[in-house]
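Reading the sequence shown from the start, the letters are residues 390 to 1000 in our numbering.
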Amino acid sequence: MTNIRNFAIIAHIDHGKSTLADRLLEITGLVKAGGHEDQMLDRNPISRERGITIKLAPVRMRYTSKIQDLRSEILDSEFILNLIDTPGHVDFSYEVDRTLACVEGVILLVDATQGIQAQTIANAYKALEKNLVIIPVINKIDLPNADVNKTKQQLIDFLGIPEKDIFEISAKTGENVEKLLKAVFEKIPAPLAGPVARFFPSGFPRQNVGVHADGSPELATPANFRSLIFDSYYDSHRGVIAFVRVFEGSLKKSQKVQLHSNGLHFEIQEVGMFNPELQATETLDSGQIGYVVTNLKDIHEVRVGDTIVDEKGRSQVVSGYKKINPMVYASIFTTDTADYLNLKKALEKLYLNDSSLEFNSIYSQALGAGLRVGFLGLLHADVIRERLEREFDLSLVLTPPQVEYKVENNQFHEPYVKIFIITPDQYVGNVMQLCEKYRARFITMDNKNQTSLIYEMPLSEMVSDFFDNLKSVSSGYASLDWEFLRYEPVKADKMEILLNGDPVEEFSEVVVAERAQEKGIELVTKLKEVIHKQQYEVKIQARYKGKIIASERIAPFRKDVLIKNSKVVGAGDFGRKRKLLEKQKEGKKKMKMIGKVEIPKEAFLKLFKKN
Ligand code: GDP
Ligand code: MG
């Protein structure tokens, strides 16, 4: 175990994590340079194309190096380096959280052309909280616009990192990457076994546990049995495969174990390591990172953050487990209603492999059967939509993602998030002004050649167009990180959209009082644009707390029955004329009645697309 190093790479999105992982895999001989696609730990094709890591990916590397042992002898020593590449996007921050619970140290990567950004800081704090060893690294030094000195100063100012500890590399050209790899096993401690790990999570075993008379390190004996699940996926032949870090005890085939959170029992079918593809081994011992074939069928029962404990459930658990809940909800329909079952099947397939996805059936008069789906955030929603359209060839109508309000004692409660922004100083004014507009409360700010700002903001505001506007008021420089805070009471109610007096469910939503007027006007105006003129008048209204707060009308085509029929209607034939007018009125009435369900589907498409 003394030769094992477990570490992760953390960074803001795009700072080069997956590219650095490629180089490390090459140096350790796991893959050949040039013999693989770039960012090879990004297995998902959408993740590759968008250049973002959606799923974290673990890999086990071997590296031989000369080291000085405790008796000062120089030996060749083989190290096992378990690397977990983490997703950089904030929607998946819980995965980063759990990853950090599995390792003893991190490489903190900062793009020299960007400097530190919101997730650099957010992730670095997470690592600091867990007492992990941090190896600060400035990346992309090969680029002409790299500002290494400024980036260095930011690391010193914001995180208190000593200048001499900072590495400068190019993950692209490989410059200084091998040096960095050496630092990984020199600076990051070996994993600890047993209860000692809890008291000295980042300490060195030799110092904390003591040294035997012969000079060999005294390691704590495993007194218990626990492994943390940090990811999982579903394999149609073998069931759920859980990715684990063993903290105490040893896992092997045929062992009977239990999941702590739900008491589910299972017999281990196989254990192994990441090569990066799965490679079976006899056992997975304390300190190691690997996988467990569980034979369980439902990924939603094998949750990230849960602990595998012994059969009797006596073991201690790894703390920090929480069930992650969806943050935003959208309704999904197929443009061709006949495709509904295909949509459902497709989503069920994605559900098999996405422990954070939730959905249930809904029905809309205008759009037919559909599904209401819960997502971790806007990016998660976008990725799922894209997969549904691309991998399953579906054409979809998606309502804009909305947050969920809770009602307690007739009082609405809305979800709040804490947001963390980093911006160059010259945009601070703009950014603060923008935050005010989104009902955000200022909490604190800090200025050290860049400014960091913390606000509390309703989630509904953040998932509107906040991020786009943040980018535009800061010429693209400000970056954002956020986390769920709590539910807070708010004055809100359901806003209904009426077409000729009848509410249309598809357009109705809960809106906070402060936003009701503008939202009502916005929707009513948009609807006026997308609904074509009809033979009858269409009245579009927004109703809030029993009052009409916005209203538009679409005038009917004027088909003059009298002119059209002037040849048959004699000037004096008033009786017939009146009859015709009445008939026309009757006709309009009928059209109106069916009118409300006759909004063309394109209207919904156009309406939802603009959001
Ligand atoms: P991640 O989101 O942190 O995993 O970042 P990626 O590894 O996907 O890298 C983002 C982009 O930066 C890709 O286009 C990489 O090719 C590029 N990149 C990463 N490291 C370097 C580097 O050292 N130099 C240069 N010039 N480009 C780099
Ligand atoms: Mg990546």
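Cβ coordinates follow ideal geometry from the N, Cα and C atoms, glycine included.
Starting from residue i, follow the beta strand (DSSP E) in both directions and report where the run begins and ends.
{"i": "V522", "result": "V522 to N528"}
{"i": "V1007", "result": "Limits of the chain in this structure are 390 at one end and 1000 at the other, which puts residue 1007 out of reach."}
{"i": "R875", "result": "S868 to V879"}
{"i": "H769", "result": "That residue, H769, is in no beta strand (DSSP E); its alpha helix (DSSP H) goes L767 to E780."}
{"i": "M662", "result": "E659 to F663"}
{"i": "V499", "result": "G494 to D500"}
{"i": "E797", "result": "K795 to E797"}
{"i": "V717", "result": "V717 to T723"}
{"i": "V786", "result": "L785 to L787"}
{"i": "E757", "result": "Sequence inspection shows Gly at residue 757; the Glu mentioned does not correspond to that position. G757 to F764 is the extent of the beta strand (DSSP E) around G757."}
{"i": "L640", "result": "S639 to K641"}
{"i": "Y623", "result": "R615 to D624"}
{"i": "A397", "result": "I393 to A400"}
{"i": "N749", "result": "E747 to S753"}
Can residue i and residue j be called in contact, C-beta distance under 8 Å?
{"i": "Y844", "j": "A867", "result": "no"}
{"i": "V499", "j": "H404", "result": "yes"}
{"i": "Y452", "j": "L569", "result": "no"}
{"i": "E493", "j": "V448", "result": "no"}
{"i": "F809", "j": "S784", "result": "no"}
{"i": "T683", "j": "V629", "result": "yes"}
{"i": "K576", "j": "D531", "result": "no"}
{"i": "N471", "j": "Y622", "result": "no"}
{"i": "I938", "j": "G909", "result": "yes"}
{"i": "L673", "j": "S650", "result": "no"}
Between which two residues does the alpha helix (DSSP H) carrying residue i extend?
{"i": "T914", "result": "A902 to V919"}
{"i": "G514", "result": "Sequence inspection shows Tyr at residue 514; the Gly mentioned does not correspond to that position. Where Y514 is concerned, the enclosing alpha helix (DSSP H) stretches over A507 to E518."}
{"i": "S861", "result": "F856 to V862"}
{"i": "R703", "result": "First-last for R703: undefined, no H or E at that position."}
{"i": "N836", "result": "First-last for N836: R830 to N836, but that is the beta strand (DSSP E), not the alpha helix (DSSP H)."}
{"i": "G679", "result": "Per DSSP, G679 belongs to no alpha helix (DSSP H); it is in the beta strand (DSSP E), I678 to V682."}
{"i": "S543", "result": "Note on identity: in this sequence residue 543 is Gln, with Ser being the wrong assignment. Segment V537 to L548, the alpha helix (DSSP H) holding Q543."}
{"i": "R412", "result": "K406 to I416"}
{"i": "D486", "result": "S482 to L489"}
{"i": "Q930", "result": "Taken as a continuous stretch (DSSP letters only), Q930 belongs to no alpha helix (DSSP H), being part of the beta strand (DSSP E) at V927 to Y933."}
{"i": "M821", "result": "V817 to K826"}
{"i": "N731", "result": "Y729 to L741"}
{"i": "F574", "result": "V566 to K576"}
Apart from the five residues just before and just after residue i, which ones in its own chain have a Cβ nearer than 6 Å to its Cβ?
{"i": "T391", "result": "A579"}
{"i": "H401", "result": "Q506, Q508 and T509"}
{"i": "K995", "result": "V919"}
{"i": "I496", "result": "I398, I524 and V526"}
{"i": "P590", "result": "Only weak support exists for where P590 lies, its pLDDT of 39 falling under 50; the value from the coordinates is given anyway. Around P590: N520."}
{"i": "F574", "result": "R394 and F468"}
{"i": "A992", "result": "V919 and I920"}
{"i": "T788", "result": "A719, S720 and F997"}
{"i": "Q644", "result": "I657"}
{"i": "Y729", "result": "T723 and A758"}
Under the assumption that residue i contacts residue j (Cβ atoms under 8 Å), give the Cβ distance between them as a whole number of angstroms.
{"i": "R634", "j": "F619", "result": "6 Å"}
{"i": "E877", "j": "Y827", "result": "Contact flag wrong, Cβ pair sits at about 15 Å."}
{"i": "E637", "j": "N613", "result": "5 Å"}
{"i": "K529", "j": "S482", "result": "Not confirmed; about 23 Å, so no contact."}
{"i": "S849", "j": "V796", "result": "Between V796 and S849 the Cβ distance is about 15 Å, and since that is not below 8 Å, they are no contact."}
{"i": "S745", "j": "L765", "result": "5 Å"}
{"i": "L685", "j": "V691", "result": "6 Å"}
{"i": "K917", "j": "E894", "result": "The Cβ separation is near 19 Å, so there is no contact."}
{"i": "M450", "j": "L409", "result": "At roughly 13 Å, the Cβ-Cβ gap does not stay under 8 Å, so M450 and L409 are not in contact."}
{"i": "E567", "j": "I416", "result": "6 Å"}
Excluding sequence positions up to five away, which residues of its chain have a Cβ less than 8 Å from the Cβ of residue i?
{"i": "G504", "result": "D536, K539, T540, Q543 and Q839"}
{"i": "I832", "result": "K807, I843, Y844 and E845"}
{"i": "I550", "result": "I523, P525 and L544"}
{"i": "K406", "result": "I398, I399, A400, T442, D474, T475, G477 and L498"}
{"i": "F946", "result": "K922, Q923 and Q924"}
{"i": "M982", "result": "Bear in mind that a pLDDT of 39 at M982, under 50, signals an unreliable position, so the number given afterwards is only what the model happens to contain. Same-chain partners within the cutoff: there are none."}
Excluding the 5 residues preceding and the 5 following residue i in the sequence, name in chain order all residues of the same chain whose CB lies nearer than 7 Å to its CB.
{"i": "Q677", "result": "I393 and V635"}
{"i": "E780", "result": "none"}
{"i": "S955", "result": "Low local confidence applies: a pLDDT of 47 at S955 is under 50, so the model's placement there is unreliable, and no value is given."}
{"i": "A586", "result": "A caution first: A586 carries a pLDDT of 41, below 50, which makes its placement in the model too unreliable to give a value."}
Would you verify that the beta carbon of residue i is, or is not, closer than 8 Å to some beta carbon of chain D?
{"i": "A829", "result": "Considering every chain present, this structure includes no chain D. It has just one protein chain."}
>> I'd like to know if the stretch 752-761 and the stretch 711-728 are in contact, where contact means that at least 3 CB-CB pairs between them fall below 8 Å.
In response: yes
> When the Cβ atoms of the stretch 766-777 are set against those of the stretch 685-701, are three or more pairs found closer than 8 Å?
Replying inline: no
>> Could you check whether the stretch 923-939 touches the stretch 873-892, counting it as contact only if at least three pairs of C-beta atoms, one from each stretch, sit closer than 8 Å?
In response: yes
>> Check whether the stretch 856-863 and the stretch 778-798 touch, using three or more Cβ-Cβ pairs below 8 Å as the test.
In response: no
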